[in-house]
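Residue numbers (the numbering used here): 1115 to 1206. Glycine is no exception: its CB is placed at the ideal position from the N, C-alpha and C atoms. Keep in mind it's a predicted model, so treat the numbers as computed, not measured. Before any comments, here is the structure.
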Amino acid sequence: MTVATARHILVDTEAQCEALKAEIEGGADFAEVAKEHSSCPSGRNGGDLGEFGPGMMVPEFDKVVFSAEVGTVQGPVKTQFGYHLLEVTSRS
């Protein structure tokens, strides 16, 4: 079974998500941005979601995590929880 590790930042609006993505692409540290802005409890841990397999996250999230290039910031990804920036940290 394929498993992945990822981290994310969850915010309320697409505009906020885009602004944070620009900060990260400009050199800001993903984990620090997550600690400061993410509304998910994982934000305290730099957005780290640990290891999970297909089907363990919402479909929109799964689709990106199991197809995106490892180490790239993806998003905004809209789910019922809000807007996410995702970074797949490993997949095997």
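Fill in: beta strand (DSSP E) segments (min. 3 residues) lying fully within the segment 1138-1184
1162-1166
Practice prompt. Can you tell me which of the three DSSP states Gln1130 falls into?
Written response: In the three-state reduction of the DSSP assignment, Gln1130 falls in the helix class, which pools H, G and I.
Worksheet entry | Close-in-space but distant-in-sequence residues of the same chain around Gln1063 (CB under 6 angstroms, 5 per side omitted) | Within the shown structure, residues of the chain are numbered from 1115 to 1206, placing residue 1063 beyond reach of any answer.
Practice prompt. Look at the alpha carbon of Arg1205 and the alpha carbon of Glu1150, and state the distance between them as a whole number of angstroms.
Written response: Those two C-alpha atoms are separated by around 26 angstroms.
Item to complete: Since I believe Glu1165 is in contact with Val1117 (beta carbons under 8 angstroms), could you give me their beta-carbon distance rounded to a whole number of angstroms?
Response: 5 angstroms
Worksheet item: Around the Cβ of Lys1192, are there at least 16 other Cβ atoms within 10 angstroms (buried) or fewer (exposed)?
Response: exposed
Discussion item. Shorter than 7 angstroms, the distance from the beta carbon of Asp1176 to the closest heavy atom of the ligand ATP, or not?
Written reply: Ligands displayed in this structure: none; no statement on the ligand ATP is therefore possible.
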